[in-house]
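As numbered in mature numbering (1 follows the signal peptide of the UniProt record, and there is no 0), residues -18 to -1, 1 to 447 make up the sequence shown, in order.
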Amino acid sequence: MKSLLPLLLLLVAVPSWADYRDFGQLLPKGSTFNLVLMSPEGQVEYSHGGDLLVPPASTTKLLTATAAWLSLGPEFRFHTQFLGTKPVNGVLADDLVLRMSGDPTLSRSDLYRLLQQLQALGVTRIRGDLLLDGSQFQGYTMAQGWPWDDLGICFAAASSALMLDSGCAKARLQRREQSYRLELAPWLPIALSHQITLAPPSPYCPLELTHGGENRYQLRGCFDKDLPLAIAIADPEAYLTAVLTQQLAELGIRLDGTIRAVTEPRQAPLLVEHRSVALDKLLRRVLADSNNQISDSLFRHIALAEGKPDSGFQASAIAVKQVLLRELALPLGNVALYDGSGLSRYNLIRAQDLAQLLRHWHQDERLAPLLPLLPTAGQDGTLRRRAGLAPVTGQYRGKSGTFAQVRNLAGVVTRADGSELIVVQMVSGIAEDNDTNRRMLTEFEQALYRCVQQSCFADDAKERI
């Protein structure tokens, strides 16, 4: 297929006007796009399909980040605490409670340091049980609409209050002539086996990951290269229990009882505590790196902050919409919101909703700290290597949203004349992820953002579409 990019770049390099028809020629056959161009003051300069509901993918994180900033506040941190009575002669006479808050940044090293602090208090023996209190999060650990075939991968790890190590275990299959060697850290409490045929994967021999109880996994199918693995922890409670068992033994702290989860909050004096980084640093990872686990955990904490009786995904969606309506007068009644990360395929939003949200980021002083948290084209985060944004390298901040059928961007461009423009691009209906379609989408974005930077859209475009 001959590229249309030179033709369109010629069009926008001269004093001409462009509209959606010009760009539609660049897209893969059968796909559609929605576009809104809006000034920071709220004037719509161009709109095509801006009022249609389409899948947002990870641009959903813009909603989550905004609601978290307004509801949880800049000082918010995740807290992980050990609760119990003070030891007497090194002995805790009662149960020891580990209260967790769904901190995706909590690592096994952090947990070990907490246990060392307990040891520094003189604890050598726990007569009762070690209770895992994950009661802050209620309901399912996965949202409606999460694809089942993503659930074994770290970016779709369960949103559990008992999460440790981001709910992720890293491993590697290394090819050795006619076989594979599994590289798995010996301290990882998972079991991984494989039955792999040395051949390229195909529709008739795909590579598949299955899991059973207690974090046991198996890889089957065809593959012929080295394979780095990022495996989502299927059972966070079992993983945490195994790590605690290891670490208590290493530190020589004796547990007479068992490690078990409780569903109701347990009250006891605070012994030691770990706190995550503050909300701005958490949101930097949400917006720049598109971290799903942090986004969904914050999403659930918004429900708690808003006094909802349940921190499940459905209650959290209601809470996020209420925060944005109350604080920004931004109505999202028609928006379908099922999670905070955008992983759910059930989410639907309009390009004009995202544009209005970014307008508030410009106009509302409370939200001013959020703009610098977005990645910059060609420089960092998920936009560092996005070839479609090459014409606006260093001149664009925004949030991407991508899965197999969707390629979205919502952000702010600095144009050639120095003015800023909010641009929301939402492409959907991409039937196949292949080299040809990826090239066409890159050319589409390059042409679009070159045109945006040169202000080449017709003044009467809205009337003509």
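No residue lacks a Cβ here, since even glycine has one placed at the ideal position from N, Cα and C. Computed from a prediction, not measured in an experiment: that's the story for all the values here.
Query, Result
"Top-ranked residue by Cα proximity to residue 319, from 44, 14, 27", "44"
"Paired residues, beta bridge with residue 177 - DSSP", "202"
"The alpha helix (DSSP H) enclosing residue 232, as first and last residue numbers", "218 to 233"
"Unbroken stretches of the beta strand (DSSP E), 3 residues or longer, contained in the region 58 to 127", "61 to 65, 78 to 81, 112 to 115"
"Spatially closest choice to residue 390 from 417, 361, 430, 349, by CA coordinates", "430"
"Own chain partners of residue 160 with C-beta closer than 7 Å, once the 5 adjacent residues on each side are dropped", "180"
"Three or more C-beta pairs below 8 Å linking the region 71 to 90 and the region 120 to 133", "no"
"Endpoints, the beta strand (DSSP E) within which residue 384 is located", "378 to 385"
"Cα-Cα separation between residue 52 and residue 20, rounded to whole angstroms", "23 Å"
"Within 8 Å, strictly: CB atoms of residue 317 and residue 87", "no"
"Host alpha helix (DSSP H) of residue 431 (start-end)", "417 to 435"
"Simplified DSSP state of residue 439, which is helix, strand or coil", "strand"
"Cβ contact check for the region 392 to 400 and the region 303 to 312: 3 or more pairs under 8 Å", "no"
"Alpha carbon of residue 244 to alpha carbon of residue 398, nearest angstrom", "59 Å"
"Limits of the unbroken alpha helix (DSSP H) element including residue 263", "261 to 270"
"Inter-residue Cα distance where the pair is residue 168 and residue 212", "16 Å"
"Rounded separation between residue 406 and residue 289 - CA only", "33 Å"
"Sheet register partners of residue 192 (DSSP bridge)", "200"
"Whole-angstrom distance between residue 380 and residue 343, CA atom to CA atom", "12 Å"
"Inter-residue Cα distance where the pair is residue 325 and residue 77", "38 Å"
"Expected contact under 8 Å - CB spacing of residue 105 and residue 276 to nearest Å", "That pair is no contact at about 31 Å."
"Chain-order list of residues whose beta-carbon lies under 6 Å from that of residue 418 (same chain, five-residue window excluded)", "none"
"Assigned exposure category for residue 221 - 16 Cβ within 10 Å defines buried", "buried"
"Between the CA atoms of residue 157 and residue 182 - distance to the nearest angstrom", "13 Å"
"At least 3 beta-carbon pairs within less than 8 Å: the region 324 to 341 vs the region 12 to 27", "yes"
"Neighbourhood of residue 120 by C-beta, 7 Å cutoff - its chain only, sequence neighbours within 5 removed", "292, 293, 294"
"Spatial neighbours of residue 266 in its chain, beta-carbon cut-off 6 Å, leaving aside the 5 residues before and after", "355"
"In DSSP terms, what residue 156 is bridged to", "163"
"Close Cβ partners of residue 363 (< 7 Å) along its chain, the five nearest in sequence each way excluded", "270, 271, 357"
"Contacts around residue 402, its chain only, beta-carbon distance under 6 Å, and the 5 residues preceding and following it disregarded", "22, 394, 396"
"Proximity below 8 Å, CB of residue 284 to CB of residue 49", "yes"
"Counted within 10 angstroms of its Cβ, other Cβ atoms place residue 347 as buried (16 or more) or exposed", "exposed"
"Presumed contact (8 Å Cβ cut-off) between residue 162 and residue 178, rounded CB distance", "6 Å"
"Own chain partners of residue 223 with C-beta closer than 6 Å, once the 5 adjacent residues on each side are dropped", "241"
"Per-residue burial, residue 350 [other beta carbons within 10 Å of its own, 16 or more giving buried]", "exposed"
"Spatial distance of residue 172 from residue 432 (CA atoms)", "49 Å"
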